[in-house]
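These notes concern the structure reproduced below.
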């Protein structure tokens, strides 16, 4: 595998904190405390084409950070810069909505597909909302994306007619509809069995390498860390450490199943 070159910074996080007020309680919950990913720091910013995983215990701040990066939520303190533009309290909802539509793709643990729409219609929808492509261009792109994720024979199926793994593939195709520069993934394999976990991770690695899409992914699963360029560990709202993979590798499904079986039976 060719060594990846990371140059252009796409996400910088400058001394960001996120605190929540809980109704009926005096104290605030500190979800993130002085998170810093920047050129002047030990932990570097996220660069174009990088595959970064966020790991750590539940309640450590992983999803809070992902929501800030996706502009779904706003920081209490500090600045997030996406594509060299700062997101500030003054950033308008319209500006943020446009940013999400044009530059950020989201994939969640629950597939969030529209139940009454076919796979094809779910993938086409973000393109309709963006309004840049003509109907025939949208159709071509939706079919190309569903082919890319291996669902060319499932275009007209409703989500209820698809397996969990297939639904997650539709979600990934939909997230790619408007050619986002960043893909944000929150536990994308959390509801999948082992086979689909490996297949979805293989697919994400292919997209990262072929399309150069920057991926930032929250996961609880340590076994899939091999797919990332870099893993950042969050606990109690701060970065504890990072690990860097010299190269991204795939899980071999058969060997992985053997390993999992050995774990459950207590043998090594």
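Residue numbers (full-length UniProt numbering): 1 to 268.
Ideal Cβ positions, reconstructed from N, Cα and C, are used throughout, including at glycine.
{"query": "Residue span of the alpha helix (DSSP H) that contains residue 54, given as start and end", "result": "Premise fails: residue 54 lies in the beta strand (DSSP E), 51-55, not in any alpha helix (DSSP H)."}
{"query": "Integer Cβ distance of residue 51 from residue 208, believed to fall under 8 Å", "result": "5 Å"}
{"query": "Alpha carbon of residue 1 to alpha carbon of residue 20, nearest angstrom", "result": "Below a pLDDT of 50, predicted positions are generally treated as unreliable, and residue 1, at 48, falls in that range; no measurement from the model is reported."}
{"query": "Secondary structure of residue 214, DSSP reduced to three states", "result": "strand"}
{"query": "Which residues DSSP lists as bridging residue 7, in chain order", "result": "DSSP output for residue 7 lists no bridge partner at all."}
{"query": "Per-residue burial, residue 137 [other beta carbons within 10 Å of its own, 16 or more giving buried]", "result": "exposed"}
{"query": "Terminal residues of the beta strand (DSSP E) in which residue 186 lies", "result": "182-186"}
{"query": "Per-residue burial, residue 55 [other beta carbons within 10 Å of its own, 16 or more giving buried]", "result": "buried"}
{"query": "Residue 44 versus 263, 154 and 10, residue with shortest Cα-Cα distance", "result": "10"}
{"query": "Through-space distance from residue 79 to residue 38, alpha-carbon basis", "result": "11 Å"}
{"query": "Among 17, 162 and 197, the one whose alpha carbon lies nearest that of residue 62", "result": "17"}
{"query": "Close Cβ partners of residue 122 (< 7 Å) along its chain, the five nearest in sequence each way excluded", "result": "113, 114, 170 and 174"}
{"query": "Straight-line Cα distance separating residue 205 from residue 249", "result": "9 Å"}
{"query": "Collapsed DSSP secondary structure at residue 224 in the structure displayed", "result": "helix"}
{"query": "Own chain, CB closer than 7 Å to residue 85, minus 5 neighbours either side, in chain order", "result": "none"}
{"query": "Integer Cβ distance of residue 165 from residue 196, believed to fall under 8 Å", "result": "3 Å"}
{"query": "Reduced DSSP secondary structure (H/G/I, E/B, other) of residue 1", "result": "Because residue 1 carries a pLDDT of 48, less than 50, the predicted location of this residue cannot be relied on, and the following value inherits that uncertainty. The answer is coil: DSSP assigns residue 1 none of H, G, I, E or B."}
{"query": "Element boundaries [beta strand (DSSP E), containing residue 25]", "result": "Careful: residue 25 lies outside any beta strand (DSSP E) and carries neither H nor E."}
{"query": "Contact belief for residue 178 with residue 130 at Cβ below 8 Å, rounded distance in angstroms", "result": "5 Å"}
{"query": "Of the residues 91, 202, 191 and 211, the one placed nearest residue 228, counting alpha carbons only", "result": "202"}
{"query": "Status (buried if at least 16 other CB within 10 Å, exposed otherwise) for residue 110", "result": "exposed"}
{"query": "Simplified DSSP state of residue 206, which is helix, strand or coil", "result": "helix"}
{"query": "Nearest to residue 221 (by Cα), restricted to the options 183, 242 and 190", "result": "190"}
{"query": "Every unbroken beta strand (DSSP E) inside the region 133-180 [3 residues or more]", "result": "none"}
{"query": "Residue 193 beta carbon less than 9 Å from that of residue 271", "result": "Beyond the ends of the chain as shown, which are 1 and 268, falls residue 271; an answer cannot be given."}
{"query": "Other residues of its chain near residue 217: CB distance less than 6 Å, five sequence neighbours each side excluded", "result": "53 and 185"}
{"query": "Neighbour-count burial assignment, residue 128, 16 or more Cβ in a 10 Å radius", "result": "exposed"}
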